[in-house]
Structure formats: C-alpha cells, structure tokens
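First comes the structure, then the notes that go with it.
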Amino acid sequence: MRIEKAMRTTGHTRKEAEDFVLKMQKDRRSFVRQYFQRDVTDPLDYDMVLNTENLSIDAAVLIIQTAFKAKFQGM
Numbered sequence: 003m004r005i006e007k008a009m010r011t012t013g014h015t016r017k018e019a020e021d022f023v024l025k026m027q028k029d030r031r032s033f034v035r036q037y038f039q040r041d042v043t044d045p046l047d048y049d050m051v052l053n054t055e056n057l058s059i060d061a062a063v064l065i066i067q068t069a070f071k072a073k074f075q076g077m
C-alpha cells in the first residue's frame, strides 16, 4: 500500500517507489533510535495500533477517542 501511494504521489516507477519507501522506513527507525532510544518495531511501545485499510477515518477517530477517554478518565 505504501509503495502504491508513493508511486501515485511521486510519479516514481515501482522500483523507485520501493527504494523510496525502504529509505523512509530506515530513516524513521534511525531517528527514533537516535533521539528516543526506542525501537519502532517494539509493540510494547504502543498503546494501540489500528489497521486503517478497511476502517474509515471517522471510525478510527471514534476508536481513538474512546480509548483516550478510558485511559485518562479521572485524571
């Protein structure tokens, strides 16, 4: 999905888009590791992960709002 989006938004060929996405992922991992000493692939660093492939923005917002209220209720 990221590769297809990169192809659409940048006009790159499939190979160029793959290289672009891989470099972006590597750069993001390096940034987080350097400045936060965290591993972006560690699931323990996330409260929630949403697969938005088959989820509307409105549904995702509602899920996040509900989780936020539940986590911070009474603070």
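Be aware that the sequence shown starts at 3, since it is given in the working numbering, and climbs by one per residue.
Backbone N, C-alpha and C fix where the C-beta goes; we use that ideal spot for every residue, glycine too.
For the alpha helix (DSSP H) that contains Y37, what are its first and last residues? Segment 16-38, the alpha helix (DSSP H) holding Y37.
In the DSSP assignment, the alpha helix (DSSP H) including M9 goes from what residue to what residue? Start and end: 4-12.
Measuring straight from C-alpha to C-alpha, what distance separates R16 and A72? The straight-line gap from Cα to Cα measures roughly 42 Å.
Where T43 falls: helix, strand or coil (DSSP): Of the three classes helix, strand and coil, the one that applies to T43 here is coil, per DSSP.
Straight-line CA distance for R35 to K28? Cα-Cα distance, rounded: 11 Å.
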